[in-house]
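Q:
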Amino acid sequence: MPAKQRNQIPPQTATGVPPIPKTPSTATSNTSSPPSSKSSTSSSSNQSAQDILLSSWKNYNDKTPQRVKLIDAFMAFLVVVGGLQFVYCVLVGNYPFNAFLAGFSATVGQFVLTASLRIQTNPENKKEFESVSHERAFADFVLGSLILHFFCVNFIN
Numbered sequence: 001m002p003a004k005q006r007n008q009i010p011p012q013t014a015t016g017v018p019p020i021p022k023t024p025s026t027a028t029s030n031t032s033s034p035p036s037s038k039s040s041t042s043s044s045s046n047q048s049a050q051d052i053l054l055s056s057w058k059n060y061n062d063k064t065p066q067r068v069k070l071i072d073a074f075m076a077f078l079v080v081v082g083g084l085q086f087v088y089c090v091l092v093g094n095y096p097f098n099a100f101l102a103g104f105s106a107t108v109g110q111f112v113l114t115a116s117l118r119i120q121t122n123p124e125n126k127k128e129f130e131s132v133s134h135e136r137a138f139a140d141f142v143l144g145s146l147i148l149h150f151f152c153v154n155f156i157n
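Quick note: the sequence shown, position 40, residue 40 per full-length UniProt numbering, numbers continuous.
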């Protein structure tokens, strides 16, 4: 083989795989940048996350109507009740499984119905639900809740 062609063939390691060529960015280290401390970066990101949460809470309190806040409080209550039911099932047991299933299903179903009521009665969604009045949305919510709880009570026996 001529010498010119011999230089074009990459050298191989013992496994037969050619080595990865080093690029200038990985071969040299950048010594001009000062060392960064992770604690200052994480504390600034924690503070910015805290600022985001505080501004979101302030925006929610300022711009959300009282009626929607009441619905949100009920939805938070349903999340807590569902969590307590699940923790009770895990820790104590679920001997009457149909009772646990009915209670948990009622909680989840009521949350879904309440979320639907919140969406339909939120003033920001008025364009999407022009044909549905607040009274109609609440009547649908009450009827759906009655049907849901009727099935849950019948499931318990």
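Built from N, CA and C at the ideal position, the CB exists for glycine as well.
1) Here's the rule I'm using: 16 or more other beta-carbon atoms within 10 Å means buried, otherwise exposed. How should I156 be labelled?
2) Compute the Euclidean distance between the alpha carbons of M75 and S44, then round it to the nearest angstrom.
3) Let me confirm a value: R136 is counted as buried when at least 16 other C-beta atoms fall within 10 Å, else exposed. Which label applies?
4) Could you give the first and the last residue of the continuous alpha helix (DSSP H) run that contains N154?
5) Assign residue 172 to one of three DSSP states: helix, strand, or coil.
6) Span of the alpha helix (DSSP H) holding S131?
7) Below 7 Å CB to CB, which residues in the same chain sit around F129 once its five sequence neighbours on both sides are set aside?
8) Is the beta carbon of Q85 less than 7 Å from the beta carbon of G103?
A: Reading from the atomic positions:
1) For this step, residue 156 is matched to residue 156 along the sequence shown. Exposed, since its Cβ has fewer than 16 Cβ neighbours within 10 Å.
2) Here residue 75 refers to the residue found at position 75 when the sequence shown is read from its first residue. Here residue 44 refers to the residue found at position 44 when the sequence shown is read from its first residue. So the alpha carbons of these two residues sit roughly 33 Å apart.
3) As a first step, residue 136 must be located in the sequence shown, where it is residue number 136. That one is exposed.
4) Here residue 154 refers to the residue found at position 154 of the sequence shown. Unbroken alpha helix (DSSP H) run through N154: 134-156.
5) Limits of the chain in this structure are 1 at one end and 157 at the other, which puts residue 172 out of reach.
6) In the sequence shown, the residue the question calls residue 131 occupies position 131. Element bounds for S131: n/a, residue is neither H nor E.
7) Position 129 of the sequence shown, counted from the start, is the residue given in the question as residue 129. Closer than 7 Å at the Cβ level, and outside the excluded window around F129, lie Q120.
8) Your numbering for residue 85 matches position 85 in the sequence shown. Your numbering for residue 103 matches position 103 in the sequence shown. Yes. Within cutoff.
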